[in-house]
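For reference, the structure discussed in these notes is given below.
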Amino acid sequence: MTDFNPDDVHLSSGHFIDGQFVSASGQAMGIKRPSDGQHYAEIHEADARTVDDAVTVAEARRISSGWSGCSPRERGAALSRWADLIEKDSEYLAQLEAVGSTRPVTDARNIEVPFTAAALRFYAECADKYSGDVFPTQHSSLGMLVPEPYGVIGAITPWNFPLSMASWKCGPALAAGNAVVLKPSELTPFSTARLAELAVQAGIPSGVLNVIQGSGKVTGNALVTHPLVRKVSFTGSTATGAAIMSQAALHGTKPVTLELGGKSPQLVFDDAGDADEIAERLFLGFTVNAGQACVSGTRLIIQKGIAERVTEKLIARCQKPVPGMTWHASTRYCPLIDARQGEKVATIIAQSVAQGARVLVGGKRYDNTKEGWFWQPTLLENVGPDNVALHEEIFGPVLTIQTFTDEEEALALAQHAVFGLCAGVHTVNMPRAMRLMRALDSGTVWVNRYRRTWDFIIPTGGFQGSGFGKDLGRQAFEACQRYKSVLIDF
Ligand code: NAD
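739 is the number of the first residue of the sequence shown in the working numbering; add one for each residue after it.
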């Protein structure tokens, strides 16, 4: 596979409503490429009127096209065809993802695009597999729980994995018979719009999936508060999730699913295994997508007997990445999304150091990357309990290191006052791993690994300030339906 020229990638501008791209007269927003900071495109923000057009069309088409009322098997077949088209369009989608987001094109080709297609196939299969219930009642009556779609689901996604986030929202919502109006991040609008175009080509009726572009404040807010949006499914930061929840409460008391931020601990015990292997696992856990992953394992909590050996190896590993443009096929280490994010990372590290933290490696931007914000993998030790780097979600490649003596101390260090998204436990002592699995206040616990699987049957979602509800799994499909209780007397 080869490099591509980012200036040659065709970008479809506008909103995708009722099966076609439509322009809007809203505020123009310039977009820069993360790799080199160059301005490369513009979108016109969807104002309340454009959002109303998209939602009204979605509600009308889901009924008139028969999408909500057809056999679930037919919806499943359409989703499968969509997944096929995504695979056929892999190169274009990968280039769209790589030009505008932080995903290197090789990862986009080998992971993002096939992962997106595979998630949609999972929900294609769910469509006719899960149903309601029949209850034990007296013989002269029948009690049932009958699932039905909500109607229009408003979905809002972040910039860090635009394609897969879109599939996690659209797959379950569409399979369950809803229509969707999706707002991607204003920083990464294009790959999501292309997905919607392919959906129509696959036979998902026009207007059943619409994509609107714009900021959270204007477009996102108009979507959340629209009276015909019956449910909101959101992935993004904890602060935005809280704002959306309060807007949803005020405008229709509609249900929300919130997949929010994290500050996930990695607990490593002396018996965890080979130090090289552990260091590599930890390194990938906090540097994938340059640390811009919700589940990033950013707090290393390591037992004293193995701490020095693993830390030495981690320091060496942190010096190896070679940053590169996301359109170069050889690139593995990617940029931060923009200057604002870069400045946030720099500020938190400076505050952390002022509070007593010591930088073991990294701590600054690579100096050979011009306008792109490429941040060096950074290890911080000597972080006291109040250190800002332990508490804030930095969303950059920064790992704090704390040591412990026993399991009780490890657990106390691991619990976070706000977040509870994910945790890693590395030990061959299975009873200990199981005790910690039960005790950790985290929506996901990974034992002796720190990464997702392609088994979409396993849901993902946070506890505490990391949100509620699940993406993926049967749970996400079921959460896209409401359940009617029925009692019939014969
Ligand atoms: P963000 O909260 O700034 O924005 C997310 C989306 O919400 C964007 O589309 C944005 O335009 C929109 N938005 C912003 N304000 C809004 C408002 N008032 N009303 C409606 N919509 C609004 O987050 P981000 O910077 O794009 O993404 C990074 C965050 O996402 C991190 O905190 C990360 O942990 C989180 N994230 C969580 C998961 C998960 O599964 N838990 C996955 C990926 C990212």
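Think of the CB as a built atom: it goes at the ideal place given N, C-alpha and C, for glycine as much as any other residue.
Q: Provide the residue(s) that pair with residue 882 in DSSP beta bridges, ordered along the chain.
A: Start at 1 with the first residue of the sequence shown, and residue 882 comes out as number 144. According to DSSP, residue 882 bridges with 872, 1224.
Q. Mapping DSSP to helix, strand and coil, what is residue 1215?
A. The residue labelled residue 1215 in the question sits at position 477 within the sequence shown. Helix, per DSSP.
Q.
Is residue 1032 a contact residue of the ligand NAD, with contact defined as CB to any heavy atom under 7 Å?
A. Residue numbering aside, residue 1032 sits at position 294 when the sequence shown is read from its first letter. Correct: residue 1032 has its Cβ closer than 7 Å to the ligand NAD.
Q) Are the beta-carbon atoms belonging to residue 1002 and residue 1029 less than 8 Å from one another? A) Here residue 1002 refers to the residue found at position 264 of the sequence shown. Here residue 1029 refers to the residue found at position 291 of the sequence shown. Not a contact, by the Cβ cut-off of 8 Å.
**Q.** Buried or exposed (CB count within 10 angstroms, at least 16 for buried), residue 1065
**A.** As a first step, residue 1065 must be located in the sequence shown, where it is residue number 327. Residue 1065 comes out buried.
Q | Buried or exposed by the 16-neighbour rule on C-beta atoms within 10 Å, applied to residue 1195 | A | In the sequence shown, the residue the question calls residue 1195 occupies position 457. Flag for residue 1195 reads exposed.
Q. Roughly how many angstroms lie between the CA atoms of residue 1193 and residue 909, to the nearest whole one?
A. Indexing the sequence shown from 1 puts residue 1193 at position 455. Indexing the sequence shown from 1 puts residue 909 at position 171. Their Cα atoms are separated by approximately 15 Å.
Q.
Checking 8 Å against the spacing of the C-beta atoms, do residue 912 and residue 817 come in under that value?
A. As a first step, residue 912 must be located in the sequence shown, where it is residue number 174. As a first step, residue 817 must be located in the sequence shown, where it is residue number 79. Their beta carbons are under 8 Å apart, which means residue 912 touches residue 817 by this criterion.
Q: Compute every distance between the C-beta of residue 981 and the non-hydrogen atoms of the ligand NAD, then say whether any falls below 7 Å.
A: Numbered from 1 along the sequence shown, position 243 holds the residue referred to as residue 981. Within the cutoff, so yes.
Q: Would you list, in sequence order, the uninterrupted beta strand (DSSP E) runs of no fewer than 3 residues that lie entirely inside the segment 1157-1203?
A: 1160-1164, 1182-1185
Q: With a threshold of 7 Å, establish whether the CB of residue 845 neighbours any heavy atom of the ligand NAD.
A: The sequence position of residue 845 within the sequence shown is 107, counting from 1. Checking the Cβ of residue 845 against the ligand NAD gives no.
Q) Once you ignore the five residues that flank residue 1097 on each side, which residues in its own chain have a CB closer than 8 Å to its CB? A) Counted from its first residue, the sequence shown places residue 1097 at position 359. Once the five neighbours on either side are set aside, the close Cβ partners of residue 1097 are 1087, 1091, 1116, 1117, 1118.
Q) Got a sec? Which residues, its chain only, sit under 7 Å from residue 786 by beta carbon, not counting five neighbours each side? A) Sequence index remark: in the sequence shown, residue 786 carries index 48 (1-based). Cβ neighbours of residue 786 beyond the five flanking positions: 960.
**Q.** residue 1112: first and last residue of the uninterrupted beta strand (DSSP E) it sits in
**A.** As a working mapping, residue 1112 is identified with position 374 in the sequence shown. Unbroken run through residue 1112: none, as it is neither H nor E.
Q. Within 7 Å: the Cβ of residue 801 and any heavy atom of the ligand NAD?
A. In the sequence shown, counting from the first residue as 1, residue 801 sits at position 63. No; taking the cut-off as 7 Å, the Cβ of residue 801 has no heavy atom of the ligand NAD nearer than that.
Q. How far does the alpha helix (DSSP H) with residue 934 in it reach, from first residue to last?
A. Counted from its first residue, the sequence shown places residue 934 at position 196. Start and end: 928-939.
Q: Please name the residue in 794, 1129, 1126 whose C-alpha comes closest to that of residue 946.
A: As a first step, residue 946 must be located in the sequence shown, where it is residue number 208. Per the Cα distances, 794.
(Q) Does the contact criterion of 3 or more C-beta pairs under 8 Å hold for the segment 742-761 versus the segment 925-935? (A) yes
Q | Where the alpha helix (DSSP H) through residue 985 begins and ends | A | One-based indexing of the sequence shown puts residue 985 at position 247. Element bounds for residue 985: 976-988.
(Q) I'd like to check one pair, residue 821 with residue 855: are the Cβ atoms closer than 8 Å? (A) Position 117 of the sequence shown, counted from the first residue, corresponds to residue 855. Position 83 of the sequence shown, counted from the first residue, corresponds to residue 821. It is a contact, given that the beta carbons lie within the stated cut-off.
**Q.** Outcome for residue 811 when other beta-carbon atoms lying within 10 angstroms are tallied against a minimum of 16
**A.** The residue you call residue 811 lines up with position 73 of the sequence shown. Residue 811 comes out exposed.
(Q) If you reduce the DSSP assignment to three classes, tell me which class residue 1124 lands in. (A) If you number the sequence shown from 1, residue 1124 lands on position 386. If DSSP states are grouped into helix, strand and coil, residue 1124 belongs with coil.
Q) Assuming residue 884 and residue 870 make a contact with CB atoms under 8 Å, what is their CB distance in whole Å? A) To locate residue 884, count along the sequence shown from 1; it is residue 146. To locate residue 870, count along the sequence shown from 1; it is residue 132. That belief holds up - the Cβ atoms of residue 884 and residue 870 are roughly 5 Å apart, short of 8 Å.
Q: Ignore the nearest five residues each way along the sequence and tell me which others in residue 866's own chain have a CB closer than 7 Å to its CB.
A: Walking along the sequence shown from the start, residue 866 turns up at place 128. If we look at residue 866 and ignore the five residues flanking it on each side, its Cβ neighbours are 810, 811, 814.
Q) Does DSSP put residue 1046 in a helix, in a strand, or in coil? A) Along the sequence shown, read from residue 1 onward, the residue named residue 1046 stands at position 308. Here residue 1046 sits in helix by DSSP.
Q. Using 8 Å as the Cβ pair cut-off and three pairs as the minimum, do the segment 766-778 and the segment 1058-1076 touch?
A. yes
Q: Could you check what DSSP says for residue 903 in three-state terms: helix, strand or coil?
A: To locate residue 903, count along the sequence shown from 1; it is residue 165. Helix at residue 903.
**Q.** Reference residue 1101; option with closest CA among 1110, 1080, 1109
**A.** Your numbering for residue 1101 matches position 363 in the sequence shown. For residue 1101, the nearest C-alpha among the options comes from 1080.
(Q) For residue 1061, which residues in the same chain have their Cβ closer than 6 Å to its Cβ, ignoring the five residues on either side in sequence? (A) Residue numbering aside, residue 1061 sits at position 323 when the sequence shown is read from its first letter. Closer than 6 Å at the Cβ level, and outside the excluded window around residue 1061, lie 1071, 1104, 1107, 1112.
**Q.** Residue environment, residue 988, which counts as buried when at least 16 other CB atoms sit within 10 Å
**A.** Numbered from its first residue, the sequence shown carries residue 988 at position 250. Label assigned to residue 988: exposed.
(Q) Please return the same chain residues whose Cβ sits closer than 7 Å to the Cβ of residue 1067, not counting the five positions on each side in sequence. (A) Locating residue 1067 in the sequence shown gives position 329, where the first residue counts as 1. Counting only Cβ-Cβ distances below 7 Å, and skipping sequence neighbours, we find 739, 740, 741, 843, 844.
Q. Between residue 1218 and residue 888, which are expected to be in contact by the criterion C-beta below 8 Å, what is the C-beta distance as a whole number of angstroms?
A. Translated into the one-based positions of the sequence shown, residue 1218 becomes position 480. Translated into the one-based positions of the sequence shown, residue 888 becomes position 150. Indeed, because the Cβ distance is near 7 Å, the residues count as touching under 8 Å.
Q: Assuming residue 851 and residue 831 form a contact by the criterion Cβ under 8 Å, report the distance between their Cβ atoms to the nearest whole angstrom.
A: Position 113 of the sequence shown, counted from the start, is the residue given in the question as residue 851. Position 93 of the sequence shown, counted from the start, is the residue given in the question as residue 831. Yes, residue 851 and residue 831 are in contact; Cβ-Cβ is about 5 Å, under 8 Å.
Q. So what does residue 759 bridge to, in DSSP terms?
A. As a first step, residue 759 must be located in the sequence shown, where it is residue number 21. The partner list for residue 759 (beta bridge, DSSP) reads 754.
**Q.** Helix, strand or coil at residue 780 [DSSP, three-state]
**A.** Within the sequence shown, numbered from 1, the residue matching residue 780 stands at position 42. The answer is strand: DSSP assigns residue 780 an E or B state.
Q: Would you check whether the ligand NAD has a heavy atom nearer than 7 Å to the C-beta of residue 1133?
A: Counting from one through the sequence shown, the residue named residue 1133 turns up at place 395. Yes, Cβ of residue 1133 sits closer than 7 Å to a heavy atom of the ligand NAD.
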